[in-house]
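Engineer:
There are 2 protein chains.
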Amino acid sequence: MTNTSLKDLAKELNLSVSTVSRALRDSHEISPDTKEKVLILAKKLNYQPNPYARSLRKQKSKTIAVVIPEIANNFFSLAINGIESIAQENDYHVLIYLTHEDYEKELSIINHLSSGRVDGVLVSISSATNDIRHLEELHRKDIPVVFFDRISDNINTIKVTTDDYNSGYKATNHLIDQGCKRIAFLSISSKLSIGVKRMEGYKDALKDRGINVEEKLIVHTEGSPEESHNKIKQLLTDPNRPDGLFASVEKLAIASYHCCHELHLSIPKDVKIISFSNLETASLLNPSLTTITQPAFEIGKEAARVLFKGLDKHKTFLLNKSIILDSQLIERESTAK
Amino acid sequence: MTNTSLKDLAKELNLSVSTVSRALRDSHEISPDTKEKVLILAKKLNYQPNPYARSLRKQKSKTIAVVIPEIANNFFSLAINGIESIAQENDYHVLIYLTHEDYEKELSIINHLSSGRVDGVLVSISSATNDIRHLEELHRKDIPVVFFDRISDNINTIKVTTDDYNSGYKATNHLIDQGCKRIAFLSISSKLSIGVKRMEGYKDALKDRGINVEEKLIVHTEGSPEESHNKIKQLLTDPNRPDGLFASVEKLAIASYHCCHELHLSIPKDVKIISFSNLETASLLNPSLTTITQPAFEIGKEAARVLFKGLDKHKTFLLNKSIILDSQLIERESTAK
DNA sequence: TTTATTTACGCAATCGTTACCGCAGACGAT
DNA sequence: ATCGTCTGCGGTAACGATTGCGTAAATAAA
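Protein chains in written order, with the working numbering: chain X, 16 to 352; chain F, 16 to 352.
1) Do glutamine 193 of chain F and threonine 350 of chain F have their CB atoms nearer than 8 Å?
2) What do you reckon, is the C-beta of valine 211 of chain X under 7 Å from a heavy atom of the ligand SAM?
3) Give the interface partners of asparagine 61 of chain F over in chain X, defined as CB-CB distance under 8 Å, in chain order.
4) Closest Cβ-Cβ distance between isoleucine 111 of chain X and chain F: below 8 Å?
5) Quick one: is histidine 279 of chain F buried, meaning 16 or more other Cβ sit within 10 Å of its Cβ, or exposed?
6) Would the beta-carbon of aspartate 157 of chain F fall within 8 Å of that of serine 76 of chain F?
7) Could you name the residues that DSSP lists as bridge partners for phenylalanine 291 of chain X?
8) Closer than 7 Å by beta-carbon distance: list the chain F residues that pair up with histidine 108 of chain X, in chain order.
9) Using DSSP with H/G/I as helix, E/B as strand and the rest coil, what is serine 36 of chain X?
10) Going by alpha carbons, who is nearest to threonine 19 of chain X out of X:Ser33, X:Ser31, X:Ala38 and X:Ala57?
11) Give the straight-line distance between the Cα atoms of asparagine 301 of chain F and lysine 352 of chain F, rounded to the nearest whole angstrom.
12) Does the distance from the CB of alanine 102 of chain F to the CB of isoleucine 79 of chain F come in under 8 Å?
13) Please name the residues in the segment 148–178 of chain X whose beta-carbon is closer than 8 Å to at least one beta-carbon of chain F, in chain order.
14) Just list the residues that DSSP pairs tyrosine 217 of chain F with in beta bridges.
15) Are the beta-carbon atoms of serine 263 of chain X and glycine 210 of chain X separated by less than 8 Å?
16) Identify, in the order they occur along the chain, each residue of the same chain with its Cβ nearer than 6 Å to the Cβ of isoleucine 111 of chain X, setting aside the five sequence neighbours on each side.
17) Per DSSP, what kind of secondary structure is leucine 30 of chain F in: helix, strand or coil?
18) Along chain X, in chain order, which residues have C-beta atoms closer than 7 Å to that of threonine 296 of chain F?
19) To which residues does DSSP link threonine 187 of chain F through a beta bridge?
20) Counting only beta-carbon separations shorter than 8 Å, does proline 84 of chain F have a partner in chain X?
21) Report the residue from X:Val109, X:Lys246, X:Ser208 and X:Asp178 whose alpha carbon sits nearest the alpha carbon of cysteine 275 of chain X.
22) Opposite phenylalanine 261 of chain X in the DSSP bridges: which residues?
23) Does the pairing of the segment 35–42 of chain F with the segment 216–233 of chain X give three or more beta-carbon distances under 8 Å?
24) Just tell me which of F:His235, F:Phe200 and F:Gly183 has its CA closest to the CA of lysine 206 of chain F.
25) Please work out which residues of its chain come closer than 7 Å, Cβ to Cβ, to lysine 52 of chain F, disregarding the five sequence neighbours upstream and downstream, and give them in chain order.
26) Use the C-beta contact count for aspartate 146 of chain X: other C-beta atoms within 10 angstroms, 16 or more gives buried, fewer gives exposed.
27) Does the segment 311–331 of chain F come close enough to the segment 85–103 of chain F that 3 or more CB-CB pairs lie under 8 Å?
28) For isoleucine 86 of chain F versus serine 92 of chain X, is the C-beta spacing smaller than 8 Å?
29) Output needed for serine 129 of chain X: all residues of its chain with C-beta closer than 8 Å, excluding positions within five of it in sequence on either side, in chain order.
30) Would isoleucine 288 of chain X pass as a contact of leucine 260 of chain X if the rule is Cβ separation under 8 Å?
31) Taking the alpha carbon of arginine 213 of chain F as the reference point, which residue from F:Thr187, F:Gly183 and F:Gly238 has its own alpha carbon closest?
32) Hey, out of X:His149, X:Gly131 and X:Phe163, whose CA is closest to glutamine 74 of chain X's CA?
33) If serine 337 of chain X sits next to threonine 176 of chain X, beta carbons under 8 Å apart, how far is it from one beta carbon to the other, in whole angstroms?
34) In terms of DSSP beta bridges, what is glycine 135 of chain X paired with?
35) According to DSSP, simplified to helix, strand and coil, what is lysine 284 of chain F?
36) Is it true that the CB of isoleucine 83 of chain F sits closer than 8 Å to the CB of leucine 113 of chain F?
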């Protein structure tokens with residue numbers, strides 16, 4: 016059985032296709048009688064307008080794309096949750112694309128999206144991405160783009176993030192307050208905006224408290240989980256090892272926990288750890304993890320909201336604007352004195 | 016700037032639209048010369064065929080839908096990861112829909128999908144779903160449906176799950192082996208297949224070891240997180256409280272941990288806990304959590320694979336078939352003697 | 001040389017919806 | 001009676017890509 020179309024309805028009711036179409040969209044040009052007949056039959060046959068025909072005709076797809084590095088990640092799955100909820104409110108559909116931190120993949124995905132498949136794009140760039148010409152291309156084709164979390168500063172559009180600099184500053188300050196003298200900073204990319212800004216907060220906090228910034232305490236692990244693990248382990252086996260770790264992303268905190276367990280280092284006695292994280296089990300860890308928790312769900316929602324706001328008025332939308340939501344420092348045992 | 020179409024290419028090259036179309040799809044009817052000219056210009060203008068025009072014409076969307084209860088959930092986000100990877104291999108697009116365990120929402124989503132928006136659907140039903148007529152409707156419209164994890168036995172199609180009965184049996188057996196005498200079973204639904212089968216495994220394991228099944232040790236928390244929390248707390252404050260908890264889903268294990276902490280019950284001394292879970296931090300919890308870990312990523316992959324296999328040959332596809340992947344019991348401290 | 005065949009392309013219909021234009025008939029105003 | 005003005009509906013041309021069919025020119029076969 017194939018789907019019922021306007022033509023089927025029209026034939027059944029001895030009306031023209033255009034009349035049926037208008038009746039369904041409650042046009043004032045159609046008499047109440049006719050409307051009712053049409054609506055009843057449509058319901059009876061469970062008529063669903065063909066989305067592709069409609070999109071083709073209206074040059075609107077009622078669809079947005081979400082392009083993210085990975086999904087098995089608490090931050091991103093919460094963000095998607097927020098995005099999807101706003102999309103559902105607006106009767107939009109959500110396409111998901113994962114780049115797996117791969118620039119080539121991101122390139123080909125974004126490139127594909129310039130086909131008009133979607134009305135707008137929400138993106139959090141991959142850690143491997145330097146060149147953002149592919150994103151500018153979308154821009155040029157008048158497809159609104161909103162960045163969230165992992166943004167690029169080199170493109171004029173809306174960006175939704177948390178206050179990464181400040182959070183980095185606060186996190187570092189907290190470690191110092193708890194007695195740390197040598198604090199390492201862990202990140203997954205030396206280029207990613209979130210990494211850079213969090214690091215600037217880290218550096219400034221150290222300076223403001225009169226502590227020297229040591230480059231060898233700044234670890235960028237740009238590759239595999241194994242690489243992260245090894246680099247952290249190496250950091251912690253150094254005779255002059257740090258007494259505090261600031262993980263700029265959750266997975267590095269988890270790796271750090273594993274390393275400490277392996278090396279029989281006690282958290283927080285030997286090493287204190289704080290991390291950006293949306294881990295729901297942060298409070299159940301051994302020891303519970305002090306986190307900077309981003310409002311991931313809200314970030315998703317807000318990014319989607321501004322995107323939808325922009326879907327009406329393209330031109331004025333392509334502005335450079337930053338929306339910054341607050342993160343929360345939640346103190347737990349991993350940084351106890 | 017709008018997108019370039021076949022017509023644009025044709026005009027530029029003084030060719031007809033059909034020739035350009037055929038050239039791009041490497042038809043043998045087109046001369047090598049012409050093909051090359053077309054391909055070069057297409058690349059230069061970054062021509063991307065309009066997906067909606069193509070879908071309309073071909074009655075194929077190159078898109079699948081994934082309908083799941085929630086996404087901020089390790090199992091589902093891993094499964095999506097698997098699904099997306101297979102979809103990308105097959106050049107398909109993935110639409111995500113969340114039901115939030117709400118039957119009405121699931122109904123309206125599935126109903127919408129009968130419009131032909133997608134070529135196939137992967138679904139894990141909501142805990143509130145009894146009636147599956149909406150899914151049968153898809154079936155009737157020749158839209159292949161593959162269930163994964165949360166399946167319905169009342170519909171003839173492919174289902175991908177783990178061996179829930181066996182896993183339930185093994186988990187219960189493990190608790191008994193570790194010395195538990197009174198084992199409670201926690202689930203989020205008395206109807207959901209995964210809950211029922213895991214429970215049957217639980218019951219049979221008890222019987223086989225000569226332990227009576229006590230109905231009051233079987234807790235179904237069908238509502239909010241608060242309700243779950245309260246019911247578990249109530250269970251644990253009973254003077255005759257259980258000494259073992261078998262959580263059939265991860266979130267109930269987490270709730271159980273919180274309850275034990277609140278009630279100052281020691282895990283595993285006072286209460287041992289085992290849970291179905293894909294928590295990446297299971298080994299870092301306090302104490303580390305013994306889990307039945309499902310191959311979530313593989314389940315997603317496999318479900319997507321069989322769906323794609325079915326997208327060719329509809330008719331023969333609509334078979335009743337179960338694909339069962341093994342879960343793994345990973346013993347940790349929460350069930351130590 | 002004539003006929004058949006191949007090569008390389010154009011024409012036009014089609015997918016299902018929507019939007020513009022047109023046009024009867026009813027009705028009121030003049 | 002004539003002229004506008006609604007009301008309610010139908011016809012048709014798009015949207016962009018695909019595809020069956022037609023056909024001129026080039027080539028081969030007779």
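Every residue gets a Cβ at the ideal spot worked out from N, C-alpha and C, and that includes glycine.
All values reported here derive from a predicted model rather than from experimental measurement.
Structural biologist: Let me spell this out:
1) To locate residue 193 of chain F, count along the second sequence from 1; it is residue 178. To locate residue 350 of chain F, count along the second sequence from 1; it is residue 335. For glutamine 193 of chain F and threonine 350 of chain F, yes; Cβs fall inside 8 Å.
2) In the structure on display, the ligand SAM does not appear, and there are no ligands present to speak of.
3) In the second sequence, counting from the first residue as 1, residue 61 of chain F sits at position 46. Here the neighbours are Asn126, Ser129 and Glu152.
4) Sequence index remark: in the first sequence, residue 111 of chain X carries index 96 (1-based). It does: the Cβ of isoleucine 111 of chain X has a partner Cβ on chain F nearer than 8 Å.
5) Walking along the second sequence from the start, residue 279 of chain F turns up at place 264. Looking at its Cβ environment, which holds fewer than 16 other Cβ atoms inside 10 Å, histidine 279 of chain F is exposed.
6) Counting from 1 along the second sequence, the entry for residue 157 of chain F is found at position 142. Counting from 1 along the second sequence, the entry for residue 76 of chain F is found at position 61. For aspartate 157 of chain F and serine 76 of chain F, no; Cβs fall outside 8 Å.
7) As a working mapping, residue 291 of chain X is identified with position 276 in the first sequence. Note: phenylalanine 291 of chain X sits in a beta bridge opposite X:Ile307.
8) Looking up residue 108 of chain X in the first sequence gives position 93. The answer, in chain order, is Leu110.
9) Here residue 36 of chain X refers to the residue found at position 21 when the first sequence is read from its first residue. In this structure, serine 36 of chain X counts as helix in the three-state DSSP scheme.
10) Walking along the first sequence from the start, residue 19 of chain X turns up at place 4. Among X:Ser33, X:Ser31, X:Ala38 and X:Ala57, the Cα nearest to that of threonine 19 of chain X is on X:Ala57.
11) For the purposes of this step, residue 301 of chain F is taken as the residue at position 286 of the second sequence. For the purposes of this step, residue 352 of chain F is taken as the residue at position 337 of the second sequence. Going from the Cα of asparagine 301 of chain F to the Cα of lysine 352 of chain F covers about 16 Å.
12) Here residue 102 of chain F refers to the residue found at position 87 of the second sequence. Here residue 79 of chain F refers to the residue found at position 64 of the second sequence. In contact: alanine 102 of chain F and isoleucine 79 of chain F (Cβ atoms closer than 8 Å).
13) Glu152, Arg155, Lys156 and Asp157
14) On the second sequence, residue 217 of chain F is found 202 positions in, with the first residue counted as 1. The partner list for tyrosine 217 of chain F (beta bridge, DSSP) is empty, contrary to what the question assumes.
15) Within the first sequence, numbered from 1, the residue matching residue 263 of chain X stands at position 248. Within the first sequence, numbered from 1, the residue matching residue 210 of chain X stands at position 195. Closer than 8 Å, so yes.
16) Position 96 of the first sequence, counted from the first residue, corresponds to residue 111 of chain X. Excluding positions up to five away in sequence, the list reads Val81.
17) Indexing the second sequence from 1 puts residue 30 of chain F at position 15. The answer is coil: DSSP assigns leucine 30 of chain F none of H, G, I, E or B.
18) Taking the second sequence and counting its residues from 1, the one referred to as residue 296 of chain F is at position 281. The answer, in chain order, is Ile269, Leu294, Thr296 and Leu300.
19) Working through the second sequence from its first residue, we reach residue 187 of chain F at position 172. None, per the DSSP bridge assignment.
20) The count along the second sequence starts at 1 and reaches residue 84 of chain F at position 69. Taking Cβ atoms only, chain X never reaches closer than 8 Å to proline 84 of chain F, which makes this a no.
21) Counting from 1 along the first sequence, the entry for residue 275 of chain X is found at position 260. The residue with the shortest Cα to Cα distance from cysteine 275 of chain X is X:Lys246.
22) Position 246 of the first sequence, counted from the first residue, corresponds to residue 261 of chain X. X:Phe200 and X:Ile289.
23) no
24) Position 191 of the second sequence, counting from 1, holds the residue named residue 206 of chain F. With distances taken between Cα atoms, lysine 206 of chain F lies closest to F:His235.
25) Position 37 of the second sequence, counting from 1, holds the residue named residue 52 of chain F. Leu28, listed in sequence order.
26) In the first sequence, the residue the question calls residue 146 of chain X occupies position 131. So aspartate 146 of chain X ends up on the exposed side.
27) yes
28) Here residue 86 of chain F refers to the residue found at position 71 when the second sequence is read from its first residue. Here residue 92 of chain X refers to the residue found at position 77 when the first sequence is read from its first residue. Cβ distance < 8 Å, so isoleucine 86 of chain F and serine 92 of chain X count as in contact.
29) The residue you call residue 129 of chain X lines up with position 114 of the first sequence. Excluding sequence neighbours, serine 129 of chain X sits near Glu152, Leu153, Lys156 and Ile158.
30) In the first sequence, residue 288 of chain X corresponds to position 273, counting from 1. In the first sequence, residue 260 of chain X corresponds to position 245, counting from 1. In contact: isoleucine 288 of chain X and leucine 260 of chain X (Cβ atoms closer than 8 Å).
31) Taking the second sequence and counting its residues from 1, the one referred to as residue 213 of chain F is at position 198. Considering only alpha carbons, the answer is F:Gly183.
32) Locating residue 74 of chain X in the first sequence gives position 59, where the first residue counts as 1. With distances taken between Cα atoms, glutamine 74 of chain X lies closest to X:Gly131.
33) One-based indexing of the first sequence puts residue 337 of chain X at position 322. One-based indexing of the first sequence puts residue 176 of chain X at position 161. Confirmed, Cβ separation roughly 7 Å.
34) Looking up residue 135 of chain X in the first sequence gives position 120. Paired residues: X:Ile79.
35) Stepping through the second sequence from its first residue, residue 284 of chain F is reached at position 269. In the structure shown, lysine 284 of chain F sits in coil (DSSP, three-state: anything other than H, G, I, E or B).
36) Looking up residue 113 of chain F in the second sequence gives position 98. Looking up residue 83 of chain F in the second sequence gives position 68. Yes, these two residues count as a Cβ contact at 8 Å.
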